[in-house]
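**Student:**
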Ligand code: SF4
Ligand code: SF4
Ligand code: SF4
């Protein structure tokens, strides 16, 4: 798990080394390394163990709400420097240097509470690193590929995706939300999702 890296290497150092790989293989940092991503997953696991109700953001809302992290990214990009906007970074730094501002702490706490009910809310709607890496990952050469010929349209892949990607609608997942967690791949009963070379000629996806 992500936290195991901390005594050895700062997660931001790993993020730095993985940065350019996003262009080739998409975002692995968010799915496999980021401590705050992992902690949201732990909260989801605890919620399931406690039988708390879990919700999936309705697509009608998700398609607009998922833009919010790009708005926050844009604010940071033009120099708006409220520390809570970069709460994820301060969280990681706090694990190593014990420096978490109270605004960042409150922001992270709110999102952890929400993650008891929704998958990865901070990643979906707030994180500017997720937004930046996601935008770069659109051009990835290798990624999630679904075989429509063997798909039985059970929608399990859509339900399990913590980032609300509509895998069942897609042949090659180039969605900036995809974090290469491979959960859609592992849940597919027909084994029709693979991590594979993408088609250069992009097909228009079904709506
Ligand atoms: S989107 Fe942000 S908080 Fe979520 S896993 Fe990626 S870097 Fe971490
Ligand atoms: S889980 Fe597999 S079979 Fe079910 S909709 Fe997704 S790709 Fe198709
Ligand atoms: S479940 Fe599949 S589509 Fe969703 S983030 Fe994980 S790898 Fe990407």
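In the working numbering, the protein residues as written are 28 to 234.
Backbone N, C-alpha and C define an ideal beta-carbon position, used for all residues, glycine too.
What you are looking at is a predicted structure, and each value in this text was computed from that prediction instead of being measured.
(1) Rounded to whole angstroms, how far is the Cβ of residue 115 from the Cβ of residue 167, which I believe are closer than 8 Å?
(2) Quick check for students: name the residue ranges of the beta strand (DSSP E) that lie wholly in the stretch 47–131, counting only runs of 3 or more.
(3) Please list the terminal residues of the continuous alpha helix (DSSP H) segment that includes residue 43.
(4) Looking only at DSSP bridge pairs, what is residue 223 linked to?
(5) Identify the continuous alpha helix (DSSP H) that holds residue 151 and give its terminal residues.
(6) Closest to residue 152 by C-alpha separation, out of 181, 97, 206, would be which residue?
(7) Could you check where the alpha helix (DSSP H) with residue 162 kicks off and where it finishes?
(8) Could you pull the start and end residues of the alpha helix (DSSP H) that residue 213 belongs to?
(9) Verify whether the separation of the beta carbon atoms of residue 219 and residue 181 is less than 8 Å.
**Tutor:** Answer, in terms of the structure:
(1) Beta-carbon to beta-carbon, residue 115 and residue 167 are separated by about 22 Å, too far to satisfy the 8 Å threshold.
(2) Whole beta strand (DSSP E) segments, 3+ residues: zero.
(3) Boundaries of the alpha helix (DSSP H) around residue 43: 38–45.
(4) According to DSSP, residue 223 bridges with 170.
(5) For residue 151, the enclosing alpha helix (DSSP H) covers residues 148–152.
(6) Among 181, 97, 206, the Cα nearest to that of residue 152 belongs to 97.
(7) Where residue 162 is concerned, the enclosing alpha helix (DSSP H) stretches over 155–164.
(8) 210–214 is the span of the alpha helix (DSSP H), which, as asked, contains residue 213.
(9) No, the pair does not count as a contact, with Cβ atoms beyond the cut-off.
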